[in-house]
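The next block holds one structure in the form of structure tokens; read it before the comments.
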Amino acid sequence: MNNSNPTATFSGPYYLSIAGKLVSTEAGFDVFNPATGSVLAQAPAATADQLDEAIAAARKAFKHWSRLEHAERKAYLIAYADALQEHRDELARLLTLEQGKPLRTMAEPEVDQSISWIRQIADRPIPVEIIEETDSHIVELHHTPLGVVGAITPWNFPVLLALWKVAPALITGNTMVVKPSPFTPLTSLRFGQIAQSVLPPGVLSVVSGGNELGPQMTAHPDIAKISFTGSTETGKHVIRSAAGTLKRLTMELGGNDAAIVLPDADWESIIPQLYWGAIGNSGQWCVGVKRLYVHRAFQQQFVKAFVDYAVRQKMGDGLDPEVTVGPVQNKMQFEKVKTFLDDIKAKGYKIALGGDIDASRPGYFIPVTVIDNPPEESMIVQEEQFGPIVPIIAYDDVDDVIERANDSPFGLGGSVWGRDTKAAVAVANRLETGMVWVNEIHTQGVDIPFGGHKQSGLGTEHGLEGRQLFTNPKTVLIHK
């Protein structure tokens with residue numbers, strides 16, 4: 172990791188990346204700094220024709236890129252990681268400016284992990300599997316690239332969640348067109364621009380614009396797969412649109428993750444992990460702790476300790492090195508999170524911390540808010556808040572709390588905390604989620620499959636399973 176340079180910056184202009192070239196547009200749109208609410212930069216607004224050009228360039232590049240040996244594609248990806256490393260401080264600062272997350276504790280680690288991810292994925296080919304072999308016959312399972320992959324990426328982790336898609340798509344022989352969220356397009360445009368200096372033309376394009384580009388991508392006949400991260404409702408639209416051409420899909424959608432603190436837990440020692448599991452990135456992550464279930468025997472003590480920890484954190488502009496909690500990323504999400512606060516106050520639920528927004532403060536700041544034991548049917552328990560509000564809910568019976576945790580249309584992640592690891596694992600195995608952590612949270616890696624159950628997603632990212640979803644299985648039967 173390089174020593175950070177907090178003054179590193181890129182002042183634009185920003186361009187689309189198409190066919191190895193930096194492309195300007197006639198129209199643009201404003202990108203806002205969520206810490207101030209003011210305009211940060213103008214991003215290029217791609218036309219439908221420009222998106223078609225990017226897809227056509229990706230299709231053309233696929234013919235050569237897909238035929239390269241793994242070692243050749245690996246060399247390109249390592250060169251790309253090296254180029255990103257040279258711009259590491261600039262990308263991290265830009266990430267803070269457009270997304271709001273604290274530079275030291277969130278933005279720099281996000282960029283570092285993204286670069287590391289590319290390096291690690293580059294070293295992981297999908298091996299040919301021998302299914303059957305006799306003296307006269309052999310059956311091999313190969314994995315061949317799909318073609319052009321469209322990536323539609325969100326605003327909460329705009330660098331990491333995009334490059335999580337780019338790396339496995341490219342190393343398996345696909346080409347890719349990335350459409351970032353219009354709320355946070357700048358870092359994606361920059362990593363697209365950097366890519367043009369090291370990758371062959373058309374292998375990776377980045378095209379920014381409004382939400383109208385998404386449906387064009389999902390219905391486009393020359394895109395073989397869509398990899399989407401976003402809300403469940405938008406995901407349903409993507410699925411319907413992609414059905415016309417039977418596209419392959421990987422969908423990482425919403426979650427309402429429960430953390431269960433068991434009766435035997437050393438609860439005082441895990442307060443920091445659970446706090447950041449809920450409030451990290453201002454609560455804006457799909458696998459964030461959205462519901463925190465604590466045994467009634469110590470729930471009140473837990474709430475007090477959680478609040479005591481929370482008040483020691485500083486909220487503000489992420490460029491301030493003392494800040495650990497930034498703003499909500501955009502005005503739309505700010506207004507959505509406010510509806511949770513309005514409902515909490517209207518219903519008279521007990522607010523242990525926060526709850527009041529400083530209307531005179533610029534930017535999209537929602538104070539860290541802790542709700543003490545709201546009812547199970549409350550909005551804050553039943554719906555995904557995607558903001559810095561956490562309900563701490565008392566329970567009496569482990570079987571009952573498992574049922575409550577599973578009573579959700581979502582099934583992305585969850586966590587279980589207790590001294591008796593075997594008992595905690597038994598609880599974890601009963602949770603209806605794609606991922607569950609025991610006595611830790613948010614551990615991830617290139618070899619660890621990541622995906623949701625129920626309405627939290629389709630398919631898997633990461634691991635061999637995730638890489639295989641960027642390929643077609645091809646059975647080769649050979650007579651010796």
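This note's numbering applies: residue 172 is where the sequence shown begins, and numbers increase by one.
Virtual Cβ for every residue (Gly too), placed ideally from N, Cα, C.
Proximal residues to Pro177 (C-beta, below 8 Å), its chain only, five neighbours per side dropped: Note that Pro177 scores 42 on pLDDT, short of 50, meaning its location in the model is unreliable and no value can be drawn from it.
On the three-state DSSP scale, how would you describe Thr178? Residue placement at Thr178 cannot be trusted, given a pLDDT of 49 that sits under 50; the coordinates are not used to answer.
Between Gln639, Pro325, Pro546, which has its C-alpha nearest Pro620's C-alpha? Checked all of Gln639, Pro325, Pro546; the closest Cα to Pro620 is Gln639.
Closest residue to Val320 among Leu375, Thr276, Ser359 (Cα-Cα distance): For Val320, the closest of Leu375, Thr276, Ser359 by C-alpha to C-alpha distance is Leu375.
Could you name the residues that DSSP lists as bridge partners for His657? Outside the displayed range of the chain (172 to 651) lies residue 657, so it cannot be described from this structure.
Option in Lys645, Ala206, Pro298 with minimal Cα separation from Gln270: For the options Lys645, Ala206, Pro298, the alpha carbon positioned closest to that of Gln270 is the one of Ala206.
Taking one C-beta from the region 353–366 and one from the region 321–339 each time, how about it: are there three or more such pairs within less than 8 Å? Segments in contact, yes.
Count the other C-beta atoms from every protein chain shown that fall within 10 angstroms of the C-beta of Glu574, then say buried if there are 16 or more, exposed otherwise. Result: exposed.
Nearest-angstrom beta carbon gap, Ile302 and Thr343 [assumed within contact, 8 Å]: Between Ile302 and Thr343 the Cβ distance is about 20 Å, and since that is not below 8 Å, they are no contact.
Can the beta-carbon of Tyr480 be found closer than 8 Å to that of Ala429? The answer is no: Cβ separation not under 8 Å.
Endpoints, alpha helix (DSSP H) assigned at Phe505: From DSSP, the alpha helix (DSSP H) with Phe505 extends over 502–518.
Neighbourhood of Asp591 by C-beta distance below 6 Å, restricted to the same chain and skipping five residues each side: Same-chain partners within the cutoff: Asp435.
DSSP-derived helix/strand/coil call for Asn173: Any reading at Asn173 needs caution, since the residue's pLDDT is 42, under 50, leaving its predicted position unreliable; the model's value is listed next. In this structure, Asn173 counts as coil in the three-state DSSP scheme.
Could you give the DSSP three-state label for Asp220: helix, strand or coil? Annotated three-state conformation of Asp220 is helix, per DSSP.
Below 8 Å, can you find three or more Cβ-Cβ pairs linking the region 567–583 to the region 532–545? No: fewer than three Cβ pairs fall under 8 Å.
Does Val310 come out as helix, strand or coil in the three-state DSSP assignment? When DSSP states are grouped into helix, strand and coil, Val310 belongs to the strand group.
Every unbroken alpha helix (DSSP H) inside the region 271–323 [4 residues or more]: Qualifying alpha helix (DSSP H) stretches, in chain order: 279–293.
Taking just the CA atoms, how far does Trp236 sit from Asp514? Per the coordinates, the alpha-carbon of Asp514 lies some 53 Å from the alpha-carbon of Trp236.
Can you list, in chain order, the residues of its chain with a C-beta nearer than 8 Å to that of Val552? Leave out the 5 residues immediately preceding and following it. For Val552, where only same-chain residues beyond five positions count, the Cβ hits under 8 Å are Arg462, Pro545, Pro546, Pro562, Ile564.
If the criterion is Cβ atoms closer than 8 Å, does the pair Ala338 and Ile289 meet it? Going by C-beta atoms, Ala338 is nearer than 8 Å to Ile289.
Outcome for Gln472 when other beta-carbon atoms lying within 10 angstroms are tallied against a minimum of 16: With fewer than 16 Cβ atoms within 10 Å of its Cβ, Gln472 is classed as exposed.
Would the region 343–352 count as touching the region 191–203 if we require 3 or more Cβ pairs under 8 Å? Taking 8 Å as the limit for Cβ pairs, the verdict is that the region 191–203 does not touch the region 343–352.
Between Arg295, Asp220, Val460, Tyr251, which lies nearest to His241 when the distance is taken from Cα to Cα? Answer by Cα proximity: Arg295.
So, helix, strand or coil for Met606, using DSSP? Met606: coil per DSSP, three-state reduction.
Classification of Arg244 by the beta-carbon crowding that lies within 10 angstroms, buried from 16 upward: Label assigned to Arg244: buried.
Does the region 382–396 touch the region 361–373, meaning 3 or more C-beta pairs lie closer than 8 Å? Contact fails: fewer than three Cβ-Cβ distances are below 8 Å.
Return the residue from the list Leu524, Phe536, Gly448 that minimises the CA-CA distance to Asn501. Residue Phe536 is the option with its Cα nearest to Asn501.
Could you give the residue range of the alpha helix (DSSP H) that holds Asn577? Looking at the DSSP string, the run of the alpha helix (DSSP H) that includes Asn577 is 569–577.
In whole angstroms, give me the CA-to-CA distance for Gly459 and Ile560. Straight-line Cα distance between these residues: approximately 11 Å.
Is it the case that the Cβ atoms of Glu423 and Glu281 are separated by a distance below 8 Å? The answer is no: Cβ separation not under 8 Å.
Can a CB atom of chain B be found closer than 8 Å to the CB of Tyr446? The chain inventory of the structure shown lacks chain B, comprising one protein chain alone.
Residue range of the beta strand (DSSP E) that Val587 falls in? Counting along the chain, the beta strand (DSSP E) containing Val587 begins and ends at 585–588.
DSSP on Val499, reduced to helix/strand/coil? Of the three classes helix, strand and coil, the one that applies to Val499 here is coil, per DSSP.
Spatial neighbours of Ala252 in its chain, beta-carbon cut-off 7 Å, leaving aside the 5 residues before and after: Residues of the same chain with a CB within less than 7 Å of the CB of Ala252, apart from the 5 flanking positions on each side, are Ile286, Ile289, Arg290 in chain order.
Kindly provide the ranges of any beta strand (DSSP E) runs that are 3 or more residues long and lie completely inside the region 355–425, ordered along the chain. Taken in chain order, the whole beta strand (DSSP E) runs of length 3 or more contained in the region 355–425 are 375–377, 396–400, 419–423.
Skipping 5 residues on each side, what residues in its chain have a beta carbon closer than 6 Å to that of Gly628? Annotation for Gly628: Met422, Glu423, Leu424, Gly622 place their beta carbon closer than 6 Å to its own, counting only its chain and skipping 5 residues before and after.
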